[in-house]
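*Asks:* Mapping the sequence shown onto numbering that gives the first Met the number 0, position 30 (from 1) lands on 29, and the numbers just tick up by one.
A virtual CB, placed ideally from N, CA and C, is assigned to each residue, including glycine.
The structure is given below, and queries will be raised subsequently.
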Amino acid sequence: MGYISIQINKAKGSADTGASDHIERKTIPKNADPTRTHLNRELVEFPDGVSDRTEAISHRIRTAGIKRKITPDQVRAIRIVLSGTHEDMMKIQDEGRLDEWCDDNLQWLHYTFGKENTVSAVLHMDEYTPHIHATVVPIVTGERRKANKKQADGKRSYRKKANTVRLCADDVLTREKLVAYHDSYARVMEKYGLQRGVYGSEARHTTTAQYYRDLKRQTGELEANMRQLQIKQQQAEQQLDEVRQEVKSEKLEAAKTEAKAAFVAKVGSLFGSNKLKEEREELQQRISALKNQNKELIQHIKTMEREHKEERTKFNEYVDKIQRYFPYIEKLLPLIDFCQNTLKFSERVIQELCMLKKVRLKGDFYSPEFNRKFRDENAAFSFEEDKNKKGHFHIYVNDIPLVLWFRQKANEWRNGLEIKNTKQDKGLKI
């Protein structure tokens with residue numbers, strides 16, 4: 000039976016853009032598989048006019064009915080990562096229960112933190128283990144904990160309304176509530192074979208940054224060891240050459256040695272019995288040992304080179320697959336950049352456009368040509384291939400190029416101004 004994985008952290012900064020870029024895959028981390036990123040999906044539907052996680056956080060705070068001024072240092076969102084032991088999560092996926100698991104996670108978030116406060120929940124399928132990045136805005140109702148304490152101590156001189164709406168992460172993340180979150184989440188996940196970890200355990204989750212630091216350190220050590228082995232190999236080969244030269248010289252002197260063997264045998268008592276024979280045997284043993292050592296070094300180096308080559312081959316295969324099965328993707332990159340940076344489309348919208356689907360949107364769309372935004376309540380955006388230039392794509396809106404659509408919008412806007420000005424002029428004449 001595996002274990003649940005639940006991480007709860009306060010978001011950093013007023014916008015938490017770094018986490019949004021990671022969650023919405025505006026930046027692809029090194030441990031993500033780009034060929035599986037399209038399997039990621041947003042589990043929470045955004046309100047009308049909201050296109051991404053950052054806007055969803057602001058929209059919830061703006062519409063919650065908070066009367067008190069929000070200070071710059073207040074925590075505006077809480078990040079929650081939900082998952083389980085890798086083997087158990089893969090079993091859930093293989094059994095076709097991943098959608099059910101996502102629904103149970105979403106219901107737990109709604110019940111625990113409130114449906115309106117759960118502004119985003121994204122399933123990531125492109126990393127090692129499937130997991131959910133949830134975003135909760137800590138909107139609470141009632142008096143502050145400090146106020147209740149003062150009242151209990153008899154220091155309170157006035158009362159505030161008990162149903163006051165506040166933004167307060169400290170009330171949501173008390174020690175008692177964090178323990179309760181783990182307990183209740185474990186109960187929900189029990190049917191998937193996941194249980195709570197040992198309470199009070201000193202085990203700690205390895206952060207992504209620490210993982211990359213460890214990986215970099217291990218890679219550096221591996222490269223240093225490889226260089227050291229190469230140096231040892233060169234030294235061993237040099238020693239082997241020297242030994243071979245010694246053996247060659249010895250063979251040239253073999254005839255003289257054999258001629259003198261009888262004499263050496265007679266005076267062996269002075270120099271040690273069979274001294275020459277022992278030296279030759281020792282020399283042969285040295286040669287054999289160096290050869291074995293050299294073979295081991297060569298094999299070790301080949302193993303390390305093969306491991307590095309496999310990593311490079313895997314990356315090249317990813318690139319080859321993209322170029323083979325999605326030959327038009329390179330032509331879509333400028334359109335993707337324009338949609339991200341200028342039109343401010345969400346990652347989900349851009350993914351559907353890249354699958355050459357029509358996506359209907361409403362909102363204000365910025366035109367660089369006219370340096371203003373134009374409103375539309377039902378605009379059908381799509382990536383269409385150029386009929387006169389195969390392999391090239393353009394952004395279309397309502398089946399016409401984006402540039403022409405913006406110009407139509409500009410004309411409508413000008414005509415609206417002229418009609419308004421005409422009415423104002425007539426009013427002055429009267």
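Measure the C-alpha to C-alpha separation of C167 and V187 and round it to an integer number of angstroms.
*Replies:* As a working mapping, residue 167 is identified with position 168 in the sequence shown. As a working mapping, residue 187 is identified with position 188 in the sequence shown. Their Cα atoms are separated by approximately 26 Å.
*Asks:* In angstroms with no decimal places, state the Cα-to-Cα distance between S420 and I56.
*Replies:* Counted from its first residue, the sequence shown places residue 420 at position 421. Counted from its first residue, the sequence shown places residue 56 at position 57. Correcting the residue type first, residue 420 is Asn in the shown sequence and not Ser. When rounded, the distance between both Cα atoms is 40 Å.
*Asks:* Using a 10 Å radius around the Cβ and a threshold of 16 neighbouring Cβ atoms, would you call H132 buried or exposed?
*Replies:* By 1-based counting over the sequence shown, the position of residue 132 is 133. So H132 counts as buried.
*Asks:* What's the C-alpha gap between D336 and Q407?
*Replies:* Within the sequence shown, residue 336 is the residue found at index 337, counting from 1. Within the sequence shown, residue 407 is the residue found at index 408, counting from 1. Straight-line Cα distance between these residues: approximately 24 Å.
*Asks:* Identify the residues that DSSP records as bridge partners of P400: which are they?
*Replies:* In the sequence shown, counting from the first residue as 1, residue 400 sits at position 401. The partner list for P400 (beta bridge, DSSP) reads Y395.
*Asks:* Do you know offhand how far R279's Cα is from V242's?
*Replies:* As a first step, residue 279 is located in the sequence shown; it is residue number 280 there, counting from the start. As a first step, residue 242 is located in the sequence shown; it is residue number 243 there, counting from the start. Cα to Cα, R279 sits roughly 12 Å from V242.
*Asks:* Can you give the Cα-Cα distance for K372 and T341, rounded to whole angstroms?
*Replies:* On the sequence shown, position 373 is the one that residue 372 refers to. On the sequence shown, position 342 is the one that residue 341 refers to. C-alpha separation (whole angstroms): 11 Å.
*Asks:* Starting from G17, follow the alpha helix (DSSP H) in both directions and report where the run begins and ends.
*Replies:* Within the sequence shown, residue 17 is the residue found at index 18, counting from 1. Its alpha helix (DSSP H) spans residues T16 to I22.
*Asks:* CB N30 to CB E126, shorter than 8 Å?
*Replies:* Looking up residue 30 in the sequence shown gives position 31. Looking up residue 126 in the sequence shown gives position 127. In contact: N30 and E126 (Cβ atoms closer than 8 Å).
*Asks:* Going straight from the alpha carbon of G17 to that of Q350, what length do you get?
*Replies:* Locating residue 17 in the sequence shown gives position 18, counting from the first residue. Locating residue 350 in the sequence shown gives position 351, counting from the first residue. Spanning the two alpha carbons is a distance of roughly 20 Å.
*Asks:* For S13, which option in P71, R24 and P33 has the closest C-alpha, if you only look at C-alpha atoms?
*Replies:* In the sequence shown, residue 13 corresponds to position 14, counting from 1. The residue with the shortest Cα to Cα distance from S13 is P71.
*Asks:* What's the gap between the Cα of D15 and the Cα of R165?
*Replies:* Indexing the sequence shown from 1 puts residue 15 at position 16. Indexing the sequence shown from 1 puts residue 165 at position 166. Taking the straight line from one Cα to the other gives about 20 Å.
*Asks:* Please return the same chain residues whose Cβ sits closer than 8 Å to the Cβ of G192, not counting the five positions on each side in sequence.
*Replies:* Position 193 of the sequence shown, counted from the start, is the residue given in the question as residue 192. Once the five neighbours on either side are set aside, the close Cβ partners of G192 are M0, G1, D87 and K90.
*Asks:* Is it the case that the Cβ atoms of L360 and F380 are separated by a distance below 8 Å?
*Replies:* Residue 360 sits at position 361 when you count from the first residue of the sequence shown. Residue 380 sits at position 381 when you count from the first residue of the sequence shown. Contact: yes.
*Asks:* From S156 to F112, what distance separates their C-alpha atoms?
*Replies:* The residue labelled residue 156 in the question sits at position 157 within the sequence shown. The residue labelled residue 112 in the question sits at position 113 within the sequence shown. Reliability fails at S156, whose pLDDT of 49 lies under 50, so the model's placement of it is uncertain and no value is given.
*Asks:* Quick one: is V266 buried, meaning 16 or more other Cβ sit within 10 Å of its Cβ, or exposed?
*Replies:* The sequence position of residue 266 within the sequence shown is 267, counting from 1. Since pLDDT at V266 reaches only 45, below the 50 mark, its modelled position is unreliable, and the value read off the structure follows with that caveat. By the 10 Å Cβ count, V266 comes out exposed.
*Asks:* With distances taken Cα to Cα, identify the nearest neighbour of F45 among D240, M225, H58 and H37.
*Replies:* Along the sequence shown, one-based indexing puts residue 45 at 46. For the residues D240, M225, H58 and H37, the minimum Cα distance to F45 belongs to H58.
*Asks:* Could you give the residue range of the beta strand (DSSP E) that holds L81?
*Replies:* Here residue 81 refers to the residue found at position 82 when the sequence shown is read from its first residue. I77 to G83 is the extent of the beta strand (DSSP E) around L81.
*Asks:* Which word fits N39, buried or exposed, when buried means at least 16 other C-beta atoms lie within 10 angstroms of its C-beta?
*Replies:* Residue mapping note: residue 39 aligns to position 40 of the sequence shown, counting from 1. With 16 or more other Cβ atoms within 10 Å, it is buried.
*Asks:* Inspect the beta-carbon positions of E236 and N293 and report whether they are closer than 8 Å.
*Replies:* Within the sequence shown, residue 236 is the residue found at index 237, counting from 1. Within the sequence shown, residue 293 is the residue found at index 294, counting from 1. Contact: yes.
*Asks:* Indicate the three-state DSSP secondary structure (helix, strand or coil) for E142 in the structure shown.
*Replies:* As a position in the sequence shown, residue 142 is number 143, starting the count at 1. In this structure, E142 counts as coil in the three-state DSSP scheme.
*Asks:* Assuming G95 and I3 make a contact with CB atoms under 8 Å, what is their CB distance in whole Å?
*Replies:* The residue labelled residue 95 in the question sits at position 96 within the sequence shown. The residue labelled residue 3 in the question sits at position 4 within the sequence shown. The pair is not a contact, with the Cβ atoms about 21 Å apart (cut-off 8 Å).
*Asks:* What does DSSP give as the partner residue(s) for D375 in the beta ladder?
*Replies:* Taking the first residue of the sequence shown as position 1, residue 375 is located at position 376. In DSSP, D375 forms a bridge with G362.
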